[in-house]
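Visitor: Got a structure for you, questions after.
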Amino acid sequence: MPLGETNTKTQCLFWLPFLLGFASVQASRPRGEFGIVTASRNTLRNVKNGSSLSMDSVQPIEWVHVPKTGSSFGNTLLHIRGACPDIPRDADLKGRGKLPRDLCDIPDAWKCNASVLDLTRFHHFSIDFRAFSASMVRHNVPRVCDGRKPRSGWDAGKGKFMMFVRQPEQRFLSHIQELRLFGEDAWLSPNTSLDELKERLVGCMTKMLTRDTFSCEFDSRHPSDVEVEIAKQRLQTGFSFIGHTDRWNLSICLFNKMFDQECHPLQFENTRPTHSKHSAIYDTTKLKGWQDRFDGEVYSAAITIFEHHLRMYKVDESSCESCYRNAGLI
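One gets the numbering used here by counting positions in the sequence shown from 1 and adding 10 to each.
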């Protein structure tokens, strides 16, 4: 057999599982209203004309907390009725430590209910996290949440996931600033180049939605096109809520409308303001045109769902005025 023919067959066999996976994803995508895939089909099946969802139907809430996409959402989750019965009305996550490992260090005195809210997901566990890798152990990752892990993965949590998304290049620049301030990983040093960081952190959101990892810097492999499709499918079929960091106030108003929650000031606080920076918007010219093509696709799918829900629940700045007034914003 000619060498070229052998190589061709070998390449075909290598790509076959990926192509079959892609075909499976495409075939299983349920089409919803307005030509987009219906988000959280089981959760939304009884929703008509933007009526509120039952909070009980999406519990325990599984927050997929991608780095630098809004730790402040934790304030909203902690104050959900029944989540933490003894939490003081003015208690929040602000000032509870500078490092991300403190995110799930919630006082026992608040008597938080694990059947309502999976507190371990306040940290950066991926959807399918199973075990701490050798690399994570070397870098003391198991110390976060005192070694606790999320209660469920994709199959058990489907329909109960929530998250915020952020424009990928803005998220990347915010992430590398935090890593340079607080990073303790051997791969990161003052001499780590921007190109090296791009290679390691590209596709962060996609990894968090599809892999067994913690945060995303512990898995430097680029996402595959199949994983991008799976990530989009998961957003469309397994999430009860998706917010947008660039439209934070509107997102919180949407959340309260969707789940019949009260607006309160803590929902609109920034518990983790950008360090040594006067603006939340980063100058992307330093990236020299680089874009995260993996997360770009997933982000676009998430925004489509977000905007669909705004229309479904008739949420806009005008309709949110009463919410903003109750929260003291106006």
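Even glycine gets a Cβ: it sits at the ideal position worked out from N, Cα and C.
In this structure, does DSSP put H318 in helix, strand or coil?
Guide: Three-state DSSP puts H318 in a helix.
Visitor: Give me the DSSP bridge partner(s) of E327.
Guide: In the DSSP output, where bridge partners are listed per residue, E327 has none listed.
Visitor: By how many angstroms is the C-alpha of D205 removed from the C-alpha of S199?
Guide: Spanning the two alpha carbons is a distance of roughly 13 Å.
Visitor: Take the Cβ of A312 as the centre, count every other Cβ of all protein chains shown within 10 Å, and call the residue buried at 16 or more, exposed below.
Guide: Under this definition A312 is a buried residue.
Visitor: What residue does the beta strand (DSSP E) around M218 start on, and which one ends it?
Guide: Unbroken run through M218 is the alpha helix (DSSP H), C214 to T220; no beta strand (DSSP E).
Visitor: Tell me W73's beta-bridge partners as DSSP assigns them.
Guide: Paired residue(s): M172.
Visitor: Any contact between the region 176-188 and the region 260-269? By contact I mean 3 or more CB pairs, one from each, below 8 Å.
Guide: The region 176-188 vs the region 260-269: no contact.
Visitor: Skipping 5 residues on each side, what residues in its chain have a beta carbon closer than 6 Å to that of G163?
Guide: Cβ within range, chain order: D138.
Visitor: Return the bridge partner residues of I313 from the DSSP annotation.
Guide: According to DSSP, I313 bridges with nothing at all.
Visitor: Which residues mark the beginning and the end of the alpha helix (DSSP H) in which G248 is found?
Guide: First-last of the alpha helix (DSSP H) with G248: D235 to G248.
Visitor: Does DSSP put F135 in a helix, in a strand, or in coil?
Guide: Reduced to three states, the DSSP call for F135 is strand.
Visitor: Secondary structure at I186, three-state DSSP: helix, strand or coil?
Guide: Looking at I186 - three-state DSSP - the assignment turns out to be helix.
Visitor: Is I252 helix, strand or coil by DSSP?
Guide: In this structure, I252 counts as strand in the three-state DSSP scheme.
Visitor: Between which two residues does the alpha helix (DSSP H) harbouring K267 extend?
Guide: Its alpha helix (DSSP H) spans residues W258 to F269.
Visitor: Within 10 angstroms of its Cβ, does A337 collect 16 or more other Cβ (buried), or is it exposed?
Guide: It counts as buried.
Visitor: Please report the Cβ distance between M268 and S62, rounded to the nearest whole angstrom; I am assuming they are in contact, meaning their Cβ atoms lie under 8 Å.
Guide: Rounded, the Cβ-Cβ distance is 6 Å, consistent with contact.
Visitor: Based on Cα-Cα distance, which residue from D302, Q301 and F278 lies nearest to R335?
Guide: Here the closest residue by C-alpha is F278.
Visitor: Taking G84 as the reference, give the member of L276, M218, K242 and P98 with the closest Cα.
Guide: That would be L276, whose Cα lies nearest to the Cα of G84.
Visitor: Could you check whether S82 and T247 sit closer than 7 Å to each other, using their CB atoms as the reference points?
Guide: In this structure, S82 does not lie closer than 7 Å to T247 by Cβ.
Visitor: Do the CB positions of I97 and W73 come within less than 7 Å of each other?
Guide: It is not a contact, given that the beta carbons lie outside the stated cut-off.
Visitor: By Cβ distance below 7 Å, which residues in the same chain neighbour G306 in space, the five residues on each side in sequence not counted?
Guide: Closer than 7 Å at Cβ, skipping near neighbours: P178.
Visitor: Using a Cβ-Cβ cut-off of 8 Å (strictly less than) and excluding sequence neighbours within five positions of W300, which residues of its own chain qualify?
Guide: Excluding sequence neighbours, W300 sits near E179 and K208.
Visitor: Helix, strand or coil for F224 per DSSP?
Guide: If DSSP states are grouped into helix, strand and coil, F224 belongs with the strands.
Visitor: How would you call I71, buried or exposed, if buried means at least 16 neighbouring beta carbons within 10 angstroms?
Guide: With 16 or more other Cβ atoms within 10 Å, it is buried.
Visitor: Assign T295 to one of two classes, buried (16 or more other C-beta atoms within 10 Å of its C-beta) or exposed (fewer than that).
Guide: Exposed: under 16 other Cβ atoms inside 10 Å.
Visitor: For L207, does the three-state DSSP call read helix, strand or coil?
Guide: In the structure shown, L207 sits in a helix (DSSP, three-state: H, G or I).
Visitor: With DSSP as the reference, label S332 as helix, strand or coil.
Guide: In the structure shown, S332 sits in a helix (DSSP, three-state: H, G or I).
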